[in-house]
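Enquirer:
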Amino acid sequence: MAEYQAPLRDIRFLLNEVFDAPALWASLPKVAENVDPETADAILEEAGKIAGGVLAPLNREADEQGSKWDNGEVTAPDGFKEAYQTIVEGGWNGLGGNPEFGGMGMPKTLVAQFEEMMQGANMAFGLAPMLTAGACLALDAHGSQELKEKYLPNMYSGVWSGAMDLTEPHAGTDLGIIRTKAEPNDDGSFNVTGTKIFITWGEHDMAENIIHLVLAKLPDAPKGPKGISLFLVPKFLVNEDGSLGERNSFSCGSIEKKMGIKGSATCVMNFDGAKGWLVGEENKGLAAMFTMMNYERLGVGIQGIGAAEASLQNAREYALDRIQSRAPTGAQQPEKAADPIIVHPDVRRMLLTMKGYVEGGRAFSTYVAQWLDISKYADDDERRKHAEGMVALLTPVAKAFLTDRGLEACILGQQVFGGHGFVREWGQEQLVRDCRITQIYEGTNGIQALDLMGRKVVGSQGKLYELFAQDVANFLEENADNEHLHPFLEPLAAAVERLDDVTEHVLGQAGNSPDAVGAASVDYLDLFGLTALGYMWARIVKAAAPQAAGDTSGFYSGKVKTARFYFDRLLPKTVSLAEGIRSGSDAMMALTAEEF
């Protein structure tokens, strides 16, 4: 089993050579005052050490041991509390936080890289800082000044952690039918009563306090999603001097026995008149919570990349070492009983597919993170509004496509191992189990596809889609004379044209058929994702190809050759996806329920 190594060389290549992140940071005054290239590089180096040296060694045993529940108390796996303390001492929880309240104010383009390393090394652990960062984001965006001053400093430091309490046993994705209630008190607080399920790290022993952001309904709230409010409900009440007071009136009723991420506690939380405080406006809690959820959705996509990277590292090492049969062209290592399996075309197909999705996906998550930085920090209103539109469009693609491909890469890695991939010692079966949840939580990938197709594309009458299409068109025009890109520009242009045509087709069908959006959505997201990664690989080639000729390390030449594989073998999948979408919804909806 390969030891996880943070992919620092590839991350630096993307930030400095593909996207020129330092130039972006310099153009955003609020970012420029907090980060420069030297600071960013030092952060990446230290993050890699923590991921590979502290978190990765805990991963397998934590999966075996799991979190433990005993009479409402949850104990994290061995080593997690100490690892969490390392995160706290380094200030990593507040890496992207608001400096006004103790955060470091780092851009998302940098924070995303740390998140990938952490998730690739130990996803179950990585969920704890991830949830806290999301809770901080929602509180900073929507909370009162008093709440922010009282809670954010200790959450950014990691002394207190955060949790997100959304769904309930009967509700699932339909949050409009939640039953948790919030009764107002004379002092401005509320008593929150109800049961929440699937609460990641809702209870544990790693932090001194856990700050829950809970969706609930006021007594006179409108029905449905327009009647949801958001409340801050701490595990321990906080005194005026900032010290911890008595325990609040809620508890962890149990933790789930899960397929994967067993080291993390997935809790059932029972609120019994727990004291909480309103975050944002009454009945507008869902909008406030989506600030957190959109952050988490990109974070979940990054989890998919992290797991896929770990799988690629394992499979690559195994394929170089494992000997079996001879190469089709004749013995490559005649001194051995057989050749390493990397000589076989099918093993190369699997490794190159993984590499294409991992490195292209990392580029895509960085691309989305850049738009997040612009939307948050740009001084120019037009520039910021443009970036907000791109973030809205691309977030469901990042969450769903990257996790779908992440699981595919984990399964392909398992397949490279053959029977050894099915047993515990090599780590591949855990990666498959852990990565599977990324397609489900924070809104299933089917819901992400509906969001993309229904809300973002059809809901904007194609205007949000045009932002992305124009960005690719600008790249194609600007690089029309780039000799290194000649083999890639025509197939990229064809893929974008295909996506354009399908977008127009669904827009035309949506007004006539109520099933058109739902029937097209999943295939459309895949088509979009494959095209977007094609765009990323073209940008990678632009940066790598000029360096490839004299490249003795194989880094730059490997990029160009992997791009060639992506364009030859993976991007053509857009053709069949487009044909399926154009077929409409008739065949999908033809069967009666009984005929199933």
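Under UniProt numbering, the residue at position 536 of the sequence shown is numbered 536, and the numbers go up by one with no gaps.
C-beta: ideal position from N, C-alpha, C; glycine also.
Mind reading off the beta-carbon distance from THR403 to GLY301? Whole number of angstroms is fine, and I expect it under 8 Å.
Expert: Correct: roughly 6 Å between the Cβ atoms.
Enquirer: By alpha-carbon positions, which one of GLN333, PRO328 and THR329 ends up nearest to LEU320?
Expert: Residue GLN333 holds the alpha-carbon nearest to the alpha-carbon of LEU320 among GLN333, PRO328 and THR329.
Enquirer: Going by the beta-carbon positions, is the gap between PHE101 and PRO153 smaller than 8 Å?
Expert: yes
Enquirer: Determine the DSSP secondary structure at ALA216, reduced to helix, strand or coil.
Expert: strand
Enquirer: Whose C-alpha, out of PHE555, SER249 and ASP500, is nearest the C-alpha of LEU355?
Expert: The sequence given here has Lys at residue 355, not Leu. Minimum Cα distance to LYS355 is reached at PHE555.
Enquirer: Can GLY360 and LEU533 be called in contact, C-beta distance under 8 Å?
Expert: Cβ distance < 8 Å, so GLY360 and LEU533 count as in contact.
Enquirer: Output needed for THR291: all residues of its chain with C-beta closer than 7 Å, excluding positions within five of it in sequence on either side, in chain order.
Expert: For THR291, where only same-chain residues beyond five positions count, the Cβ hits under 7 Å are LEU137, ALA138, ALA141 and HIS142.
Enquirer: According to DSSP, LEU230 sits in a beta bridge with which residue or residues?
Expert: Paired residue(s): LEU215 and VAL279.
Enquirer: Assuming GLU89 and ASP78 make a contact with CB atoms under 8 Å, what is their CB distance in whole Å?
Expert: That pair is no contact at about 19 Å.
Enquirer: Examine the Cβ distances between the region 108-122 and the region 148-163 and report whether three or more of them are shorter than 8 Å.
Expert: no
Enquirer: Which residue's Cα is closest to the Cα of ILE50: PRO99, ASN59 and MET118?
Expert: Here the closest residue by C-alpha is MET118.
Enquirer: With a cut-off of 8 Å on the beta carbons, I'd call TYR357 and ALA308 a contact; round off their distance for me.
Expert: Contact between TYR357 and ALA308 holds: CB atoms are separated by about 6 Å, below the 8 Å threshold.
Enquirer: Could you give the distance in angstroms between the alpha-carbon of GLN547 and the alpha-carbon of PRO107?
Expert: 28 Å
Enquirer: What number of angstroms, rounded off, separates the C-alpha of GLU335 from the C-alpha of VAL423?
Expert: 30 Å
Enquirer: Determine the burial state of PRO222: buried for a count of at least 16 other Cβ atoms within 10 Å of its Cβ, exposed for fewer.
Expert: It counts as exposed.
Enquirer: Where does VAL238 sit, in a helix, a strand or coil, going by DSSP?
Expert: DSSP places VAL238 in strand when its eight states are reduced to three.
Enquirer: If you draw a straight line from the alpha carbon of TRP537 to that of ALA563, how long is it in whole angstroms?
Expert: 6 Å
Enquirer: Leaving out five residues on either side along the sequence, give the residues of the same chain with a beta carbon under 7 Å from the beta carbon of GLU388.
Expert: SER375
Enquirer: If you draw a straight line from the C-alpha of MET259 to the C-alpha of PRO169, how long is it?
Expert: Answer to the nearest angstrom: the Cα atoms are 19 Å apart.
Enquirer: Counting beta carbon pairs with one atom in the region 510-522 and one in the region 464-476, are three or more of them shorter than 8 Å?
Expert: no
Enquirer: Bridge partners of TRP160, per DSSP?
Expert: ASN209
Enquirer: Please give the ranges of any alpha helix (DSSP H) in the region 54-98, keeping only runs that are unbroken, at least 4 residues long and fully inside the region.
Expert: Taking only runs of at least 4 residues, the alpha helix (DSSP H) segments lying wholly in the region 54-98 are 59-65 and 80-89.
Enquirer: Would you grab the beta carbon distance between PRO129 and ASN34 for me? Rounded to a whole angstrom, and I think it's under 8 Å.
Expert: Cβ atoms of PRO129 and ASN34 stay farther apart than 8 Å, at about 19 Å.
Enquirer: What whole-angstrom Cβ distance do ILE341 and GLN313 have, given they're in contact under 8 Å?
Expert: No, ILE341 and GLN313 are not in contact; Cβ-Cβ is about 16 Å, not under 8 Å.
Enquirer: DSSP three-state call for LYS196: helix, strand or coil?
Expert: strand
Enquirer: Output yes or no for whether 8 Å exceeds the beta carbon distance between VAL575 and THR503.
Expert: no
Enquirer: PHE250: buried (16+ other C-beta within 10 angstroms of its C-beta) or exposed?
Expert: buried
Enquirer: Would VAL541 and HIS484 be called neighbours here (beta carbons separated by less than 8 Å)?
Expert: yes
Enquirer: Which of helix, strand or coil does DSSP assign to GLY511?
Expert: coil
Enquirer: What residue from PRO328, ARG326, ARG348 and ALA337 has the CA that sits closest to GLU317's CA?
Expert: It is ARG348.
Enquirer: Return the chain-ordered list of same chain residues with a C-beta closer than 8 Å to the C-beta of ASP526, the five sequence neighbours on each side being excluded.
Expert: PHE401, ASP404, LYS573 and LEU577
Enquirer: Using the C-alpha atoms, what's the distance from ARG455 back to ALA392?
Expert: 10 Å
Enquirer: What residue range is occupied by the uninterrupted alpha helix (DSSP H) comprising LYS559?
Expert: The continuous alpha helix (DSSP H) containing LYS559 extends over residues 555-565.
Enquirer: Which residues does DSSP list as the beta-bridge partners of ARG247?
Expert: ARG247 pairs with PHE236.
Enquirer: Give every residue of the same chain whose Cβ lies closer than 7 Å to the Cβ of SER585, excluding the five residues on either side of it in the sequence, and list them in chain order.
Expert: SER513, ASP515, ALA516 and ALA519
Enquirer: VAL238 and LYS150 - do their beta-carbons sit closer together than 8 Å?
Expert: yes
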